[in-house]
Amino acid sequence: MAVGAAYDAQFADMPQQRWLLDIAGERTVGCELSDIGSHLAAARAGAGVAGLRCFLGDADPALRRLEHAGSAFSRDPWLVVHRDLRRAAPVRALLDFVTAAIAATSGLGLATPVARPPK
Numbered sequence: 001m002a003v004g005a006a007y008d009a010q011f012a013d014m015p016q017q018r019w020l021l022d023i024a025g026e027r028t029v030g031c032e033l034s035d036i037g038s039h040l041a042a043a044r045a046g047a048g049v050a051g052l053r054c055f056l057g058d059a060d061p062a063l064r065r066l067e068h069a070g071s072a073f074s075r076d077p078w079l080v081v082h083r084d085l086r087r088a089a090p091v092r093a094l095l096d097f098v099t100a101a102i103a104a105t106s107g108l109g110l111a112t113p114v115a116r117p118p119k
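Each residue of the sequence shown is one higher than the one before, counting from 1 in UniProt numbering.
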């Protein structure tokens, strides 16, 4: 089976690109795309296998999760805010909301618990 989507040349040194190409092995990469939304669209269109986060693929009944013999790919999400803004009420509310949403969402495959940023 062809690997439908990999990242384009600007992502050659990114861990997710190296992981996808390792999974592909000698198989053909059908298209090179620059963002995860395009990878999802390619998979939905039947272009082949795409490396998607579980919460993206599992939410789409047209897609199915495939097992592979290699290691799983994982990256922790980061929320970054300038230190002068982290105590501002609107920014703090957004950070708290996003942190809670990430912690509550199954299938994110977080390797570590969500850490609350300092106040």
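We put the beta carbon where it would ideally sit given N, CA and C, even for glycine.
Worksheet item: Would DSSP call Val-49 helix, strand or coil?
Response: Three-state result, Val-49: strand.
Worksheet item: What do you reckon, are the CB atoms on Gly-48 and Val-91 nearer than 7 angstroms?
Response: No, the pair does not count as a contact, with Cβ atoms beyond the cut-off.
Fill in: Delimiting residues of the alpha helix (DSSP H) encompassing Gly-25
Gly-25 -> no alpha helix (DSSP H), and no H or E assigned at all.
Practice prompt. May I have the straight-line CA-CA distance separating Glu-26 from Ala-101, to the nearest angstrom?
Written response: Ala-101 has its alpha-carbon roughly 39 angstroms from the corresponding atom of Glu-26.
Item to complete: Might you give, ordered along the chain, the residues of its own chain that have their beta carbon closer than 8 angstroms to the beta carbon of Leu-56, omitting 5 neighbours on each side?
Response: Excluding positions up to five away in sequence, the list reads Ile-36, Leu-40.
Worksheet entry | Spatial neighbours of Ala-5 in its chain, beta-carbon cut-off 6 angstroms, leaving aside the 5 residues before and after | Cys-31, Leu-33, His-39, Ala-42, Ala-50, listed in sequence order.
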